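Residue numbers for the sequence shown, in our numbering: 21 to 560. The C-beta atom is built at its ideal place from N, Cα and C for all residues, glycine as well. Predicted model, so just to flag it, every value in this text is computed and none were measured. Scroll down for the structure; my scribbles are underneath it.
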Amino acid sequence: MSDKTETPGQMHNKQARKKALEAFNKEPINPTSLVKYQSKGRIAVIGGMEAMEYAPRLSGLLQPQVILIEGVEEPGVPVIAVGGRTIEIQGYLGSFKITLGDKGKASSETVEVDLILDLNHEPLLDMAMKPPGYFVSSTEEAQLARKVDELSAMTGSFEKPRYFDYDPSLCAHSRAGKTACTRCIESCPAEAISSIEQTIQVNSHLCQGGGVCATVCPSGAIRYSYPQAQDLLNRIRILLRTYIDEGGLEPVLAFVTEPDDGGVQLPSQKNVLPVSVEELASVGLETWLSALAYGARSVLLVNDGSLPEKVAQELHTQVDIAADILSAMNYSSRSIRIVDAAEIFEVQQALMPKMTPASFSASGGKRQAAFFSIDHLYQHAQKSRPMVTLNSGAMFGTVSIDKQCTLCQACVTACPGKALHSGDGVPQIQFVEANCLQCGMCTRTCPENAISITPRLLLDREQRNKLRVLYEEPAFECISCGKAFATVSVIENMLAKLQHHAMFQSERARNRLRMCEDCRVIDVVQDPDAMGTQNEQSVH
21 MSDKTETPGQ MHNKQARKKA LEAFNKEPIN PTSLVKYQSK GRIAVIGGME
71 AMEYAPRLSG LLQPQVILIE GVEEPGVPVI AVGGRTIEIQ GYLGSFKITL
121 GDKGKASSET VEVDLILDLN HEPLLDMAMK PPGYFVSSTE EAQLARKVDE
171 LSAMTGSFEK PRYFDYDPSL CAHSRAGKTA CTRCIESCPA EAISSIEQTI
221 QVNSHLCQGG GVCATVCPSG AIRYSYPQAQ DLLNRIRILL RTYIDEGGLE
271 PVLAFVTEPD DGGVQLPSQK NVLPVSVEEL ASVGLETWLS ALAYGARSVL
321 LVNDGSLPEK VAQELHTQVD IAADILSAMN YSSRSIRIVD AAEIFEVQQA
371 LMPKMTPASF SASGGKRQAA FFSIDHLYQH AQKSRPMVTL NSGAMFGTVS
421 IDKQCTLCQA CVTACPGKAL HSGDGVPQIQ FVEANCLQCG MCTRTCPENA
471 ISITPRLLLD REQRNKLRVL YEEPAFECIS CGKAFATVSV IENMLAKLQH
521 HAMFQSERAR NRLRMCEDCR VIDVVQDPDA MGTQNEQSVH
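Structure representation (structure tokens):
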């Protein structure tokens, strides 16, 4: 739309938008550290006869070597014929290792290079985001010609941002030898995350900044740092506040990825406020809901088509969870949605009602930001259900315990979110739903398989933070001194299991199982039959 056809309201939005974006860009971003690479230009060209033909074109620019999958060796460049051996590739720019191994044999051959050009029809590495320095090309001449210039620039020193921060103390991956949450590992398109003992390990040289790991992490243990979540939320708050203070109407926040070549034009609608991010999946539910709480009337995630398939699936899952939460509060479920790049240039309709913008600080963690935004939206909702059932993948939920439970407290000890608590001397397990990560650690550590988890969200903050009794049993009191020392079910189970044991055939011996530890020792010493049996057993 040209300026000649703009209405006064649109002109007002235009000015408000301009000032809001200026305020947004003025806000500082805390720098992240850098990951460095060093390449000497050693390149392995992997493929068939096309690799043999292409590799000499890189001579003089790089140091090519052919890993020949099939075909006949020809002079020109160094060649290693695979000859039916297995191929394993590890590493990244400046530090690749290609291992050729013989099945059933201990011997293997290792090639170390800085770069790899894979000309196979199906790339040997199949992860969605290939390691830096790993290039894939068809064997068409036009694409091969372009690769010469691209590859020749890959010598020297390189650096990229370190995209993540990780706090193992918050991680729900593994406790007590049991593995629970693996969401970041399964969703990483670069396969840069692996399990290592009780925690995860992120290979910063393989990480491509996809950001979906931070989006699916239920605890906030892994956080995106380019920019940091706190910086991004603070800038969004200032962006929306400035736009609204300047009289802008119906602000729509659009998360967009800026391509390296800068060739895609950002949206220019007067009420659309673009926020450029490195990767679309690096912003998650707590950011989207916070944007609505800060005054955005809609949040758009603009997909330019570059999202890897499994990243797109995870993003849709999280958007669906946000939609369910909004719907439960009687807001439009489409207030947060994924749109194609072409759709962003259409007129966008504001879907959230106008409300007083939130002013909460973004200094807390992932869950705190999510709950602050949910509380604000709940407070302004005209009608709201008290609870919403969510799909698998949500970071909120409850725990149930059935009668098989012996109150051994294994789940309490292992719970990474501190949602489960002991009864402080009372035989019970207590629960704070706001702290539950839905990681499944409790279900994996329970020896009786008595625990199940259900994703849901209590929308009322008081109910969500309330300490409630999840499971309890009457205490069993020592028949001698009256001291409570176990639960009724524990004693009953023990009596049932030992009813045929030779040491517990007399009534007095069975009664000792109903005594506390101190009284049991006293009774054993005073029982001639018990002492005689023990002495006889010690002789034998």
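State yes or no: is the C-beta of I49 within less than 7 Å of the C-beta of D187?
In this structure, the beta-carbon distance from I49 to D187 does not fall below 7 Å.
Kindly indicate which three-state DSSP category S189 falls into: helix, strand or coil?
helix
Taking only three categories from DSSP, how would you classify H441?
strand
Between which two residues does the alpha helix (DSSP H) holding K517 run?
V508 to K517
Taking only runs of the alpha helix (DSSP H) that begin and end inside the segment 278 to 351, which ones reach a length of at least 4 residues, in chain order?
Counting only runs of 4 or more, we get 305 to 313 and 329 to 348.
Which of helix, strand or coil does DSSP assign to L41?
helix
Which value, in whole angstroms, describes the spacing of the CA atoms of V55 and Q483?
45 Å
Which residues bound the alpha helix (DSSP H) around F392?
K386 to H400
For V408, which beta-bridge partners are listed by DSSP?
L477
For C501, is the classification buried or exposed, using 16 other Cβ atoms within 10 angstroms of its Cβ as the cut-off for buried?
exposed
Pick from M375, V303 and E537: whose alpha carbon is nearest that of I499?
It is E537 whose Cα lies nearest to the Cα of I499.
Is the beta carbon of P436 less than 7 Å from the beta carbon of A192?
yes
Simplified DSSP state of V545, which is helix, strand or coil
helix
On a Cα-Cα basis, can you pick out the residue from G315, A332, A316 and A389 that is closest to N323?
A332
P84 by DSSP, collapsed to three states: which one?
strand
Extent of the continuous beta strand (DSSP E) to which R354 belongs
From DSSP, R354 is part of no beta strand (DSSP E); its letter is neither H nor E.
Continuous alpha helix (DSSP H) stretch holding S207: start and end
R203 to S207
Taking just the CA atoms, how far does T337 sit from G230?
In a straight line, the C-alpha of G230 is about 16 Å away from that of T337.
What would DSSP say about P181, mapped onto helix, strand or coil?
Of the three classes helix, strand and coil, the one that applies to P181 here is strand, per DSSP.
By the 10 Å Cβ neighbour count, where 16 or more other Cβ atoms means buried, how is H141 classified, buried or exposed?
exposed
Distance, Cα to Cα, V284 vs N485?
Residue confidence is low: V284 scores 46 on pLDDT, short of 50, so the model does not pin down where it sits. Its coordinate-derived value is still stated next. Going from the Cα of V284 to the Cα of N485 covers about 45 Å.
Delimiting residues of the beta strand (DSSP E) encompassing R488:
L487 to E492
Taking K56 as part of the beta strand (DSSP E), name the residues at either end of that continuous run.
Counted as a single uninterrupted DSSP element, the beta strand (DSSP E) harbouring K56 occupies residues L54 to S59.
What is the DSSP secondary structure of K46, counted as helix, strand or coil?
Here DSSP, grouped into helix, strand and coil, assigns K46 to helix.
Please go through the same chain and pick out, in chain order, the residues whose beta-carbon is closer than 6 Å to the beta-carbon of E497, but skip the five residues on each side of it.
A504
Could you give the distance in angstroms between the alpha-carbon of N531 and the alpha-carbon of K198?
37 Å
Going along the chain, which residues of its own chain have a beta-carbon closer than 6 Å to the beta-carbon of S239, five neighbours each way excluded?
L190, A192 and L457
So, are the CB atoms of E306 and A390 less than 7 Å apart?
yes
Can you grab the Cα-Cα spacing for the pair Q369 / V272, in whole Å?
8 Å
From A173 to G96, what does the alpha carbon distance come to, in whole angstroms?
When the Cα atoms are used, A173 and G96 turn out to be separated by approximately 22 Å.
Give the straight-line distance between the Cα atoms of L564 and A249, rounded to the nearest whole angstrom.
As displayed, the chain neither begins before 21 nor continues past 560, which places residue 564 out of reach and without an answer.
Terminal residues of the continuous beta strand (DSSP E) containing T463?
Element bounds for T463: not the beta strand (DSSP E) but the alpha helix (DSSP H), M461 to T465.
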